[in-house]
Structure formats: structure tokens, C-alpha cells
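See below for the structure under consideration.
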Amino acid sequence: MRARGWTAPPLLAAAGVCALLAAAGLSALLAAQAAKRLEAASPPRGRPELAFFPSGRGLAEASLGHRHLLADLAWLTAIQYYGEHRRGDRRYPQAAHLFRVVTDADPGFSGAYLFGALILAENGEIDEAAALLAKGVRARPRDWRSWFELGFFHFAVTRSFDEAGSALRIAARLPGAEAYVPRFAAAAAQRAGDRDLALRLWETVARTSDNAEIRRMADEQRAALGAEQDAG
Amino acid sequence: MTAILSLARHTLLDALRERLLHTLGVFLLILFGASRLLEPLALGEGRRVTLDLGLALVSLSGLLLVLFLGSRALQREIERRTILLLLARPIRRAEFLAGKYLGMLAVTGIALCGMLALLGLVLWASGHGLTAGLLAVGYFAMLELAILCAWSLALTGAAGPAAAGAALIALFVAGRLAPSLLETAAMLPPAAAALAGALFRMLPRLDLCAAGFEAAHGATLPAQAFLWAGLHALLYCTALLLLALLILRRREFA
Amino acid sequence: MAGAAEVVLGFERIEKVYRAGWRRGVHALRGVTLTVGAGEAVALLGHNGAGKTTLMKLALGLLRPTRGGGRLLGRPLGDRVARRAVGFQPEQPYLYPFLSARETLELLGHLNGLRGAPLRRRVGEAAERLGLEPALDTQVRRLSRGWLQRLALAGALMPDPRLLLLDEPLSGLDPQARLGVKDLIRELRAEGRTLLFNSHVLPDVEQVADRVAVLRGGELVACGSLDDLLSRDGGGYELELGGPVPALVAAWPGAERLWSRPEAGRSFWRFPPLGRQEQQRLLGGILAGGGEIVSFAARREGLEAFFSRLMTAPRREEAA
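Below, the structure is given as C-alpha cells:
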């Protein structure tokens, strides 16, 4: 039995679907060919790793509402990238790009800012690291944690004590701030350069972080500060 | 009303007994398995990853369910000839359509509640907290599914299941990208911009319905967001069902 | 055409052309005029594609006529109010496979506006009538063809219909089941219901139909009672006698000797149409007079022969 009325003729519908499939297949073929030629044209060593990883804003647009998931996938990529290079050359040239992608796709991804900043700092990209944390503060201006991380970073890494104190004071005034924040804010301005204070900041960051790598970095830094103290 | 509810009930029963909702089991397996695999790799962001993966699966499963249901709503009734039995009865075609639509909503609603409950269960079993944002996800996701169900009925009434399915997927993508498409349209030369803008304005604003995902991540949505999305879905679905009815009224069953 | 009885279903010069895009249309029905009177059982005959099912679907509003029209229970064809009193059994009685027989009947009853106790009672009555009780709680997908056919018939009875449209009610049934359906058709007719049905099983049609309408290529080529259509050369009876010819026979008005073989004591006579009492008087008279009746039969061809003759005759346009 056939139903008649406003139906697209079956042949036309079938032809349309075949045309769509053919177009999709052709474009996939062309893309594969293009990728092959590009790979053949540039030697592997000279080509930046992850250079074709898309921009965060593009990902967010194309995510069909699932930008958080795409940010997660970018985060997992970043972790894998960090892990591979940490075991290898301990250089992370694409880290800035990756964490930019994560935080562009999801500016609310709070865990990405500090971890990204610490990796960039480890890579010698201090200014980029500070810029990443500043981006986190712009994305979450009412979140005490973002100001605290910025303040901690300026105190413990960049040694910009005025900026550290300023950020920690803002953190202390925001709703939900932990009890230790005002103490650190008060101490930061007065005890610029104080190794003890830096140690306690690293301890606090480690204690309050769910990120095992941040805890490991904090332990390393505390060990280094401890060694400095003993030597000094 | 009896006819509408009766048809809706039997559409739901038919779907339930065909074990459509066993797909929930597949959903649970995928989600739990993936979350167990990814949690150690996520460096403390396991809850986020589980939540986002779950929400994406809810979204995708909902779309697949509507695709599957939609192809059955009309086309299968015609192929099975059950539509002859139904339309030979003293019911209006509008009642038939309303009954099928309500039935589809019931199936998708049950599936959605099931998936969100399972997502909550996986989050809890993984030691992560639940969020009230899941309720907002449910609300907005249901609005989106209501729009997709209405589109599905309109499309399968006018075209075969394959073409209708392809069109529904395209509408889903376009609906989620509606704001970007409108921005792109504005960049065209004036005449083309006007035409493209008018066309794109007919798309369902599924980006409004994706607001639930923001709520799941702790964003506070204003009450107006719920109201406008709800109104948009209501008006859009009404218009689509009227279109579907116009198509169905002209159809003959040889 | 139906006589003075109320016309339950009527088609007036109805035409149906199926069009598919730009292709030439297919004429399913060409100017068919047919009425079905109250209480009649009318059988639609014709090859596949002759337009039988199309006619039924036009009555129900599942199709729209290209030209012409008709009336269903005094209202336009397909009218929703009229459909309340119509029971329909389609050719292929596929139902929702995962519903039980009971749930199916309840659904169909709901769609006819029944609910609660009246619905349950009607389900019980329909199931009992069709012998469906053992299968009421079985899912449709597990029912055999015979059970499905019974379920579909039960569904057609749910609205307590005045008019039943049955599309191939006898197809796919074993002999026992066919007997049951034929009995049902007789019962329904005896209850005063009107039936329009089609079937390819002509001997069965001959047993239950009051009138037949024959469609060929969308045209109505014959319509009338079985007696009228099947009588040869004006009808009447043929009598073969053994032994001497009783005076009653030779003197019977209109009686005609066709042949005789005196050496064998056989003769063959033709009589005009006789009512039942006349038949009894003639046969009784022959026997009382010591005559021997070898055979006595109506001058009528079978429906199959009639149908075959009609289908192979040159069509009007071919003859022209």
C-alpha cells in the first residue's frame, strides 16, 4: 500500500540521499588526500605538534551546545601532552595553545587555569602563565578561588608581592572564601619574599587541590624551598 | 479526548514492549564504562568529564530515539496498515496526530528521566556530588525533544523515513547553531541577508534548549530563560503540528 | 440497484484516478454507480486491481473521489459521524504487534467512544462471537493468521455497526474457519446489519451474498441478485423423467419437451420459473402419478462460470 499526497517521490528522495552521501564521501576523500600531501610536503620534525588542533572558540561554536564536553576532550589532550613530554624532553611548546583552547571553549573550567599556569611556568613562560590566570579571573570574577590562585602565583612564582597582596585581598572579600585566605592576604603585603609564607601557600594549594599533578608540583616546590632554607 | 489519550497510551505501550527503553541499559553501560576509564586520566576533573559525557549521551540518545520513533509514528502505521484501522474509526485526523505526538512525548520523557536518573546514579556511585542543575537539564532537554518530535511527525508525513531522518538531523544541527547562522546571515549582502535571516529564523532555537547544560555546571539561569524557552517550544510545536495536520489531511491511503 | 429499502451506502458515478507526479494517472474506478440497501449482503467481485478495495476506502474517507460522490448512512462519504456506525475489516489485518488481543479491542472501542463497563462488555461480546476468548491475553505478534482474521472481525464489530465493510474476510482461512465466517455473515444479515464484502472464494460468496457487483478494470460490469445474474436464458427448471410422461407434465403451462428416448423411457423437459409451491405441486404430482424423476434442477450457471465468462468477454471499447 502506498500513501499518496504531499510526499517527495521516492526516487528523488533516494537520489538526494545518495547525492549527500556521495558528497560526504568525496569531501572525506579530498580531506584525506590533502592531509597526506601536507604530511609528505613537510618533514615531521619541522612541523609543530598539535598545530592543527582547533581554536577553542571554534570548538565552542561547533560543539552544538556541548562546549563543556569539547573542553574536557581538549583538557584530556592537554594532560596526555603534558604527561608525554614530562617523561621525555620536559618542554611544552604547545601547552599555551592547548590551555587557551580549553579555557576558550569553557571559560568556567576552573581547574584548567592553575594547572595550565604551573605548566607554563615550568616551561619558562611566566608571562603567559600569569595571563592565563588573569583570564580565569575575568571569566569568574566572583569566584574567590580564581583570585586566590592568581595571588598565590604572583607570590610564589613571579614574586610580584604587591600584585599578590592585591589579588589575595580581593579573594578574601568574596563570598565563600576559606578562612586561610584573609590570613594570607594580610601576611602577603607585609612579608614579601618570606619563604615560610611561600611554603604555606604551596601547602594550602596542594591540600585543597584534587589534581594529583598540582600536588606533585607543590611537593617539588616545597622540597626546593626547604632545601633553599637549609642551604641559606 | 478519550481517543487522543488512548492513542497516546498505546503508542507508549507499543514502544515500551518493543524494548526501546532497553537502550537505557546501553546508555548506562557506556557512561559508567567511559567514566571509569577516563576518571584516572582526568586529574581531579572526573566529575566534570562524567557529567559532560553523560549530558552528551543524553542529547544524542534523545535525538536517536526521536529518529527511531518518528519513522514509526506514521510510516510504519502506513506500512502495517494499522492506520487504516485507526482512521476508519470516527476520529479526526487531528486527534490521531495529537495522540501519536503525546505518545512520542511520553516515550521520550520516560527515556529522558531514566537517563538523567542513571547519570545521577553514576555520579553518586563514583563519589561525586549531584547537582540540582540536572533538573534544569531535564526541563530544557524535554523542550528540545518536544520540538524534534513535532518536526519528526511533520517530516515523515511529507517524505519517506530516510529523507525525514536526514532532514531531522540537519534541523537538529542547524537549531543548535541557530545564533551562529543568524550572525553569518547578517554578514551577507542585504537582499541575501534578508532572505537567509528569514529562513534561519524559522529554525528551532535549540541553543535555548542547550541552556540546561550551563545550569548543570553551576550557572544560575534567570526564570525568564525557562519561560522564553518554554514559550518558544510551545508556539513552535503548535505551528509544526498544524503543518503536520495540513499534510495528513491531504494524504490518501491507497 | 437496491429496491425500496433504505440506502445505507451509495456511490454515484464515482471515479478515482491515482496520480503519481508527472506520470499518467491510473484509473482505479470509472463512473461506478452502486447502492447497498439496509439489511443486504452485497459481494464485490473482480480481479486484483479492479477497484474493490478502492470503493471501500472511498466510503470511509481514506481516499477522495476524483469525480462523482456518494452517501454513507445519509451523510457524505467518509463523514466522521457516519463512521461511528461502520465496522471495517481491512484486507491485511495487521495490528500493533505488542498489544494483546484484548488491548487491541479496547483501543478500537476507545476510538469509537466506548469506555468503562460498556467497553468491557462489548469486548467480551465480540470476543465470544468470534471465539476469541482463549487468545484475548495473547500478544498480536504471537497470533496465527486465522486468529488475526478473527481479531480483525471482532474489531469491526466493536462499534455495533449498522454497516460492515469487510475486505477479503475469507482469505487465508482454513475450511473450518471459513465456515465460521460464513455463518457469522449470515447471522449479521439476520440481525438486520448491512454488509459489503469482497472475496475471491466464489462458491462461498454464492452461499452468503444477496447481490453481487462485478468490477472489471474499474467499471461496474454486472450488478444484481444471484438469481437474476445466474439464470440462463430467462431461468426456469429442467426435468428428466424416466418412464411414461404424466399428463400433469405435458399439460403444465409453458412446459416444453426438449427430447425424448421412448426406447429408454426417458424424456427431458424445460419449465418456466416456478415458485416453491409450484415446484412442490409439480414434483408431488409426478410422484403421485407413478412417474420417475431422474433429475430436477434450476437452469442456472455457477458463479464461477458466470464470473469467468464476464472477465473474458471483450470489453466495450475492445468490442467497438
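Chains as they are written, first to last, in the numbering used here: chain W, 1 to 232; chain G, 1001 to 1254; chain A, 2001 to 2320.
All C-beta atoms in this analysis are idealised placements derived from N, C-alpha and C, irrespective of residue type, glycine included.
C-beta neighbour in chain W for residue i, strict 7 angstroms
i	result
G:L1043	yes
G:D1014	no
G:A1233	no
G:H1128	no
G:S1061	no
G:R1176	yes
G:F1213	yes
G:S1180	yes
Neighbourhood of residue i by C-beta, 6 angstroms cutoff - its chain only, sequence neighbours within 5 removed
i	result
A:S2295	E2240
G:A1154	L1240, L1243, A1244
G:A1164	L1155, T1156
G:L1015	A small fix is needed here, since residue 1015 of chain G is Ala in this sequence, not Leu. These residues qualify, in order along the chain: V1107.
G:H1010	none
A:R2300	L2230, S2231
W:Q221	W202
A:L2136	A2101, R2102, A2127
A:G2068	E2012, R2013, I2014, E2015
Integer-rounded CB distance, given that residue j should sit under 8 angstroms from residue i
i	j	result
A:P2246	A:G2284	Contact flag wrong, Cβ pair sits at about 11 angstroms.
A:N2198	A:E2238	A:N2198 to A:E2238, Cβ: 32 angstroms. No contact.
G:T1082	A:Y2096	6 angstroms
A:R2162	A:L2073	7 angstroms
A:G2037	A:A2059	Not really, about 15 angstroms apart at Cβ, beyond 8 angstroms.
A:A2156	A:A2127	The pair is not a contact, with the Cβ atoms about 13 angstroms apart (cut-off 8 angstroms).
G:G1109	G:M1142	6 angstroms
W:A206	W:I214	7 angstroms
Chain-order list of residues whose beta-carbon lies under 7 angstroms from that of residue i (same chain, five-residue window excluded)
i	result
W:R195	L225, E228, Q229
G:A1008	G1099, L1102, G1103, A1106
W:A172	V181, P182, A185
W:P43	Reliability of the predicted coordinates at W:P43 is poor, the pLDDT of 49 falling under 50, and no value is obtained from them.
A:A2043	F2197, N2198, S2199, V2205, A2209, V2212
A:G2265	G2242, G2243
Interface flag, residue i vs chain G, CB-CB below 7 angstroms
i	result
W:G56	no
W:G116	no
W:R216	no
W:I170	no
W:L69	yes
A:P2090	yes
W:A156	no
A:F2268	no
W:H85	no
W:E213	yes
A:H2110	yes
A:R2063	Per the sequence presented here, residue 2063 of chain A reads as Leu, with Arg not at that position. Yes, its Cβ sits closer than 7 angstroms to a Cβ of chain G.
A:A2251	no
Any non-hydrogen atom of the ligand PLP within 6 angstroms of residue i CB
i	result
G:T1108	By its list of ligands, the structure shown contains no ligand whatsoever, and the ligand PLP lies outside what it can speak to.
Residues of its chain near residue i, where Cβ-Cβ distance is below 8 angstroms and the 5 sequence neighbours each way are ignored
i	result
A:V2201	L2170, S2171, R2178
G:I1078	F1253
G:G1120	L1130, L1134
DSSP state of residue i mapped onto helix, strand, coil
i	result
G:P1189	coil
W:Y92	coil
A:L2029	strand
A:W2259	strand
W:S146	helix
A:A2213	strand
A:W2022	coil
G:R1019	coil
A:D2160	coil
G:Y1139	helix
A:Q2139	strand
A:F2268	strand
A:Q2280	helix
Cutoff 7 angstroms: residue i Cβ touching any chain A Cβ
i	result
G:H1010	yes
G:F1253	yes
G:P1090	yes
Please confirm if the stretch 1171-1184 of chain G is in contact with the stretch 1205-1215 of chain G, defined as three or more CB-CB distances below 8 angstroms between the two stretches. yes
Under 8 angstroms: do the stretch 2018-2031 of chain A and the stretch 2213-2233 of chain A share three or more Cβ pairs, one atom per stretch? yes
State whether the stretch 1211-1227 of chain G contacts the stretch 1183-1195 of chain G, with contact taken as three or more CB pairs (one from each stretch) at a distance under 8 angstroms. no
Is there contact here, the stretch 94-114 of chain W with the stretch 56-66 of chain W, by at least three beta-carbon pairs under 8 angstroms? yes
Using 8 angstroms as the threshold, is the stretch 2078-2095 of chain A in touch with the stretch 1081-1095 of chain G, meaning 3 or more CB pairs across them? yes
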